[in-house]
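For any residue, its number in our numbering is found by taking its place in the sequence shown, counting from 1, and adding 237. Here is the structure we will look at.
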Amino acid sequence: MNRSVATRVNVRKTHAAFTAEFLRRKLNLDSTHTRVPSGASAALVEAIVTGGAVAGLRVRRFVPLARGPLGERPITVDQTNTSVVVGERVVVKWMRPATGGEAPGRAPDLLAHLAAAGFIRTPTPYAAVYRDGPEADLVAVVTGFQPAAADGWDWCVDALLDQLDGGPPADLAADLGVLAGELHCALATPSEIIPAPVEVSHRDWAADGLAVLDQAHRLVAAADDEEAHWFTARVPRLAADIERSRAVDRAYVIQPHGDLHVGQVLRWRGGLAVTDFDGNPTLAAYGAGPLTEPVARDVAQLRTSLLHVGQIADRRTEGRHRSALSDWCQRAVDELLAAYLRTLGERGMAHLFDERLLRPFEVEQECRELCYAARFLPRWRYAPMGVLRHWYD
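Have a look at this one:
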């Protein structure tokens, strides 16, 4: 090896060691909580690029990541975890510490599985970073950054408001249905990561839904206002709709997205992409093993989120277009489902979906939204409550 080559190699090794040590200090890996100070995200990306080992962390690489700019920019929208854009090309998502009942670390396996299945409508997975130790908690996920991306709470709502203002029709639901169908077909395709992705479950789905309804009832009733009284009076009807899932004693299940709403669908220069495979922390795994659900769970979440788009637009326009919004919402959920089923059928996967689970799961989802609002975001209550009033008034 000539001297110049040896010098470059030594410099790279020294730089990698410096990056790893800097990252170790920055993250305070002996702490029970991962803190994310300035510089840590760039240091992690550099460690992944150079192959530098980081004491206290284990790096699982998926797609090679080339060296590039390292400037940091936090993503400031409301998120459960902390995300930082590095060099306008990579996103580092720092995971909050896992708590009981969650399935920590599911995102890397799902991203790797989707890549193996040829699904490219998601940010490129570069690496997953785990804490060393018996629990091997997921610390961070590093994926590609999608330029000029907006999530569905922005682009769907904007499209609908534009329609109400005389602009082009907000014909977006069918595209969402196709995306969800392609996602589920990929999740149901065997790979080395998940060799047998489709299973059969005899779970009592109604028991879960009724427990969520009871929780929502207690939280909503605590407000002791007009909406609380309205909700209490309709609990028997909600329970009856949830119990309809007991007609299904055998369902195909996969590892789903788990938290599929329009906010997880990015519109960017390359079209639509689905993101955030961390799952819904309120949906715990059933027994041992990863979370598995019927695909109707994701479809119910996505359809109800379109209804929430309608509620947001109704609030922003102060009720002036309520009738038109009601029509749009019904048409949107119908078009989404039709496109979804068509996509499954074209790929020989129609058997995955049992429509008998759809309305029970939708009612349960609105109850979950009420629980979320009561605990974390009280101003959000109007959206699920508005949907329920439309269904049960």
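The beta carbon of each residue, even a glycine, is placed where N, CA and C say it ideally should be.
> Quick one: Cα of H421 to Cα of W467, how far?
Replying inline: Translated into the one-based positions of the sequence shown, residue 421 becomes position 184. Translated into the one-based positions of the sequence shown, residue 467 becomes position 230. Spanning the two alpha carbons is a distance of roughly 37 Å.
> What residue from P311, G495 and A611 has the CA that sits closest to A465's CA?
Replying inline: Numbered from 1 along the sequence shown, position 228 holds the residue referred to as residue 465. Ranking P311, G495 and A611 by Cα distance to A465 puts A611 first.
> So is H439 buried or exposed if we call it buried at 16+ other beta carbons inside 10 Å?
Replying inline: Here the question's residue 439 lines up with position 202 in the sequence shown. When all chains shown are included, H439 counts as exposed.
> In chain order, what residues of the same chain have a beta carbon less than 7 Å from the beta carbon of R506, not counting five sequence neighbours either side?
Replying inline: In the sequence shown, the residue the question calls residue 506 occupies position 269. The answer, listed in chain order, is P384 and A385.
> At what residues does the beta strand (DSSP E) containing S563 begin and finish?
Replying inline: Your numbering for residue 563 matches position 326 in the sequence shown. That residue, S563, is in no beta strand (DSSP E); its alpha helix (DSSP H) goes R559 to E583.
> Counting contacts by CB-CB distance shorter than 8 Å, is V435 in contact with chain D?
Replying inline: The displayed structure is made up of one protein chain only, and chain D is not part of it.
>> With a threshold of 8 Å on Cβ separation, who are the neighbours of E325 within its own chain once the five nearest residues in sequence on each side are excluded?
In response: To locate residue 325, count along the sequence shown from 1; it is residue 88. Cβ within range, chain order: P306, G308, R310, F382 and P384.
> Taking just the CA atoms, how far does D369 sit from D408?
Replying inline: Sequence index remark: in the sequence shown, residue 408 carries index 171 (1-based). Sequence index remark: in the sequence shown, residue 369 carries index 132 (1-based). Distance between the alpha carbons of D408 and D369 is about 47 Å.
>> I'd like to confirm the pairing. Which residues does DSSP put opposite I491 in its beta bridges?
In response: Counting from one through the sequence shown, the residue named residue 491 turns up at place 254. In DSSP, I491 forms a bridge with E530.
> In terms of residue numbering, what span does the beta strand (DSSP E) encompassing L614 cover?
Replying inline: Within the sequence shown, numbered from 1, the residue matching residue 614 stands at position 377. L614 -> no beta strand (DSSP E), and no H or E assigned at all.
> Going along the chain, which residues of its own chain have a beta-carbon closer than 6 Å to the beta-carbon of T269, five neighbours each way excluded?
Replying inline: In the sequence shown, counting from the first residue as 1, residue 269 sits at position 32. At T269 the pLDDT is 46, less than 50, meaning the model places this residue with poor confidence; the figure from the coordinates comes in the next sentence. Around T269: no qualifying Cβ.
>> Alpha carbons only, please: which of F598, L539, M586 and R483 is nearest the one belonging to D412?
In response: Within the sequence shown, numbered from 1, the residue matching residue 412 stands at position 175. It is L539.
> Roughly how many whole angstroms lie between the Cα atoms of D462 and G389?
Replying inline: On the sequence shown, position 225 is the one that residue 462 refers to. On the sequence shown, position 152 is the one that residue 389 refers to. Rounded to whole angstroms, D462 to G389 spans 31 Å at the Cα level.
> In chain order, what residues of the same chain have a beta carbon less than 7 Å from the beta carbon of E436, not counting five sequence neighbours either side?
Replying inline: Locating residue 436 in the sequence shown gives position 199, where the first residue counts as 1. These residues qualify, in order along the chain: V490 and T529.
>> Counting C-beta neighbours from all protein chains within 10 Å, is the total for Q567 16 or more, i.e. buried, or is it exposed?
In response: Locating residue 567 in the sequence shown gives position 330, counting from the first residue. Q567 is exposed by the Cβ-count criterion.
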